Amino acid sequence: MSDSSAASAHRTTAVALFGSLGLALVALALVPAPHHGDLSALASGLRWWTVVPFALLLACIAIAPLAVPKAWEHNSVKATVCLGLALPVCIYLAAAFGPTGVSQLVEKAKEYVSFLCLLASLFVISGGIVVRGSLSGTPLMNTALLAIGALLANLVGTTGASMLLIRPLLRANATREKKAHVIVFFIFIVANCGGLLTPLGDPPLFLGFLKGVPFEWTLQRLFLPWLLVNGLLLVVFQILDQGIFNAEEARRPGSQLEEVMKHEPLRIEGLFNLGLLSLVVLIIFASGRGLFLGGDGWPFGWQEGAMLALAVVSFLATSNRLHTDNGFSFAPIVEVAVLFAGIFATMAPALLLLNAQGPSLGLSRPWHFFWATGSLSSFLDNAPTYLTFAATAAGLQGIGAEGRYLAQLLSTGEGPKLLAAISAGAVMMGANTYIGNGPNFMVKAVAESSGVKMPSFFGYMAYSALFLIPVFVVVTLVFFAA
């Protein structure tokens, strides 16, 4: 495809994506919020089979790329599957539970649009930032990039850091024969485990901030777990990547090191987009703190509309040359939009059942909460999973889950230990699967669009079982088992 035709295709997709999100924002902002009703009654009225569509969708995501790879490449096929599984759930909730069920559907629609506006804005803006220069694909440079990403994730979020660094990492390793493991560890560290130190790092921590957790608490309480997990992963990655690099060098004597060490002066183009990226972070912070509204959170649509506007400005202001040099394409964000529409709809009953059954799960010790929160965050949205187990922990201390109740939880003897375990589990174990955290699938899609053959759903889980689970066991023994 020529540059002009590619630019035309990008414009068409941009109009469709931005237009759809804009219309959804207006519609959801204008529709009167239905009465929420008794959510506990709704949850108690749900049956186990209501989670079957969610399980089937997960099975399709895991198996279809292996069973019918050609068909699954088309977003129309993914959309058909998602619609076929999500529609019965939506009809059932609305028909069986009336206004309360409709309320849940509206809330899920708002959460999905907010989620997609954040991902789309970060994806589009970072797509206009080109890092050029001496980024060689040596093991030491790769490890350094992952370490930088782990720090950056706490400033611009795991999604922002992932979208900012994935393309430079791919270009640095363009001449490497085997690079899927590099992307997998990028997901482990930059897209998940790195973002544990501030409320800006990952959505669960931001929700905790809104519920009363002091901004600096995560840095003070979780720095050592963050350091241990990311330190171990970086050491393991360095050893693994060095071994693979040496094997490649042995097969291609004299060429491997020369290829990856080609020198070019380091520079960044598209600095305008760095400013827009900073504005996205400021908008998220301002929305959570209720700036300009006396401390009350911004109404739905304000934050989302502002981020969407920044994405439009970035797309229009960025030259076609920068997009071409970055290998920019809307395909990854479209794929994420389609799949997560189905995920958000079908997981609603699963989250409601979890919320209802949480207090009866027999959790009492920090390691219980670490593994329970983490296991479910591997497959469910980690933000509501975090809130569910935080409410459960508060209940153990006799605290109601209302208002800024987590500030009360932190004032109890066991509260800080329990919340630290919940926070670490929600953020870190989102790395266990491709769907555990929004950036995971985005990074996978960007890598595949650049020609990297990524592991299948189960193949990725094999990586996490081999490298992540032992690290989490160590973290449990050191911080949460006592």
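Quick note: the sequence shown uses the numbering used here, first residue 74, plus one each step.
For glycine and all other residues, C-beta sits at the position ideal for the given N, C-alpha and C.
In this text the structure is predicted, and so the values were computed from the model without any measurement.
Coarse secondary structure for residue i, derived from DSSP in three states
{"i": "I136", "result": "helix"}
{"i": "V544", "result": "helix"}
{"i": "V104", "result": "coil"}
{"i": "M236", "result": "helix"}
{"i": "L195", "result": "helix"}
{"i": "P142", "result": "helix"}
{"i": "K252", "result": "coil"}
{"i": "F531", "result": "helix"}
{"i": "I472", "result": "coil"}
{"i": "Y459", "result": "helix"}
{"i": "L453", "result": "coil"}
{"i": "G267", "result": "coil"}
{"i": "L213", "result": "helix"}
{"i": "L366", "result": "coil"}
{"i": "T506", "result": "coil"}
{"i": "N227", "result": "helix"}
{"i": "N346", "result": "helix"}
{"i": "R244", "result": "helix"}
{"i": "F83", "result": "Strictly speaking, residue 83 in this sequence is His, with Phe absent from that position. Of the three classes helix, strand and coil, the one that applies to H83 here is helix, per DSSP."}
Whole-angstrom C-beta distance between residue j and residue i, which should lie under 8 Å
{"i": "C163", "j": "M380", "result": "About 26 Å; that fails the 8 Å criterion."}
{"i": "S199", "j": "L350", "result": "7 Å"}
{"i": "L469", "j": "S437", "result": "7 Å"}
{"i": "S402", "j": "L139", "result": "With 8 Å as the limit, S402 and L139 do not qualify as a contact, their Cβ atoms being about 24 Å apart."}
{"i": "S537", "j": "G503", "result": "Contact doesn't hold; Cβ gap of about 10 Å is too wide."}
{"i": "L295", "j": "S496", "result": "6 Å"}
{"i": "K251", "j": "E321", "result": "7 Å"}
{"i": "R340", "j": "R205", "result": "5 Å"}
{"i": "F417", "j": "T506", "result": "F417 to T506, Cβ: 16 Å. No contact."}
Continuous beta strand (DSSP E) stretch holding residue i: start and end
{"i": "R340", "result": "R340 to E342"}
{"i": "V204", "result": "V203 to R205"}
Cα-Cα separation between residue i and residue j, rounded to whole angstroms
{"i": "Q481", "j": "L237", "result": "37 Å"}
{"i": "H441", "j": "A555", "result": "11 Å"}
{"i": "V150", "j": "P142", "result": "11 Å"}
{"i": "A499", "j": "I260", "result": "15 Å"}
{"i": "A390", "j": "A82", "result": "17 Å"}
{"i": "F443", "j": "N393", "result": "46 Å"}
{"i": "L541", "j": "F279", "result": "24 Å"}
{"i": "P364", "j": "L539", "result": "Note on residue identity: the sequence assigns Leu, not Pro, to residue 364. Cα-Cα distance, rounded: 45 Å."}
{"i": "A116", "j": "Q430", "result": "9 Å"}
{"i": "V179", "j": "G524", "result": "38 Å"}
{"i": "M527", "j": "G92", "result": "31 Å"}
{"i": "T86", "j": "V197", "result": "12 Å"}
{"i": "V125", "j": "R325", "result": "50 Å"}
{"i": "V546", "j": "R84", "result": "48 Å"}
{"i": "L269", "j": "Y478", "result": "21 Å"}
{"i": "P64", "j": "S209", "result": "With the chain covering 74 to 555 only, the question about residue 64 has no answer from this structure."}
{"i": "W371", "j": "V263", "result": "28 Å"}
{"i": "V354", "j": "T231", "result": "12 Å"}
{"i": "V519", "j": "A535", "result": "21 Å"}
{"i": "P439", "j": "L426", "result": "22 Å"}
{"i": "G222", "j": "L301", "result": "16 Å"}
{"i": "V38", "j": "A152", "result": "This structure gives no information on residue 38, because the portion of the chain shown stretches from 74 to 555."}
{"i": "V551", "j": "M501", "result": "16 Å"}
Endpoints, alpha helix (DSSP H) assigned at residue i
{"i": "R324", "result": "W290 to R324"}
{"i": "V385", "result": "W375 to A390"}
{"i": "G415", "result": "A404 to T419"}
{"i": "Q481", "result": "Y478 to L483"}
{"i": "I495", "result": "G488 to M501"}
{"i": "H396", "result": "N393 to D398"}
{"i": "V516", "result": "G511 to S522"}
{"i": "P276", "result": "P276 to L283"}
Of the listed residues the options, nearest to residue i (C-alpha basis)
{"i": "F282", "options": "Y459, L550 and T123", "result": "Y459"}
{"i": "G304", "options": "V229, T216 and F358", "result": "T216"}
{"i": "L213", "options": "W121, A132 and I317", "result": "I317"}
{"i": "S187", "options": "L383, S484, G374 and Q311", "result": "G374"}
{"i": "L94", "options": "A384, Y165, G370 and A135", "result": "A384"}
{"i": "P272", "options": "L339, A359 and I221", "result": "A359"}
{"i": "F514", "options": "L192, N399, W299 and V551", "result": "L192"}
{"i": "V516", "options": "G118, P422, F462 and V257", "result": "V257"}
{"i": "P489", "options": "F553, S448 and G370", "result": "F553"}
{"i": "Q376", "options": "V551, A456, S194 and P512", "result": "S194"}
{"i": "W290", "options": "V547, L492, R84 and T211", "result": "L492"}
{"i": "T211", "options": "L243, L225, G233 and S235", "result": "L243"}
{"i": "V548", "options": "F413, W299, A80 and L218", "result": "W299"}
{"i": "F413", "options": "A226, L352 and N148", "result": "N148"}
{"i": "L90", "options": "S176, T153, Q311 and P405", "result": "P405"}
{"i": "P422", "options": "A102, S433 and P457", "result": "P457"}
{"i": "A102", "options": "M420, Q311 and E184", "result": "E184"}
{"i": "A494", "options": "G435, A169, L160 and F462", "result": "F462"}
Proximity test, residue i beta-carbon vs the ligand SAM heavy atom, cut-off 8 Å
{"i": "P161", "result": "Here there are no bound small molecules, and the ligand SAM is not part of this structure."}
Proximity test, Cβ basis, 9 Å: residue i and chain B
{"i": "L129", "result": "In summary, chain B is missing from the structure at hand, where a single protein chain is found."}
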